[in-house]
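Take any residue in the sequence shown, count from 1 to its spot, add 19: that is its number in the numbering used here. Positions of the beta carbon are idealized from the N, C-alpha and C atoms, including for glycine. See structure below.
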Amino acid sequence: MANWAGDEFGRAELGDGRLTLRLIKLATRFAEQPTASIPGACGDWAETVAAYRFFDRVLSATLHEIAEAVW
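Right, dumping it as structure tokens:
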């Protein structure tokens, strides 16, 4: 299932390749469990914390860059 997420978000320029990989991983997790909470979709505490950090530090500043990669 990760292939679609890589195709959609792999070109997102977030300033660090690890952030793009995190975006792909999160998109895959949420697509696999669309009704789950963030902790429920992430599976363990470390992934949950990483997701919240991603949203807090990256997503608000780079929503435009993510959208450009998809469109």
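Straight-line Cα distance separating residue j from residue i
i: LEU33; j: ALA69; result: 15 Å
i: GLU27; j: ARG37; result: 16 Å
i: ARG13; j: ASP75; result: This structure leaves residue 13 out entirely; the chain is present only between 20 and 90.
i: MET20; j: VAL77; result: Note on MET20: pLDDT 48, under 50, position unreliable in the model; the coordinate value appears next. So the alpha carbons of these two residues sit roughly 24 Å apart.
i: TYR71; j: ASN22; result: 23 Å
i: ILE43; j: GLY25; result: 6 Å
Beta-carbon proximity of residue i to residue j, cut-off 8 Å
i: PHE73; j: LEU40; result: no
i: GLN52; j: ALA60; result: yes
Helix, strand or coil at residue i [DSSP, three-state]
i: THR39; result: helix
i: ASP63; result: coil
i: ARG30; result: coil
Buried versus exposed, by CB contacts within 10 Å (16 or more), residue i
i: ALA50; result: exposed
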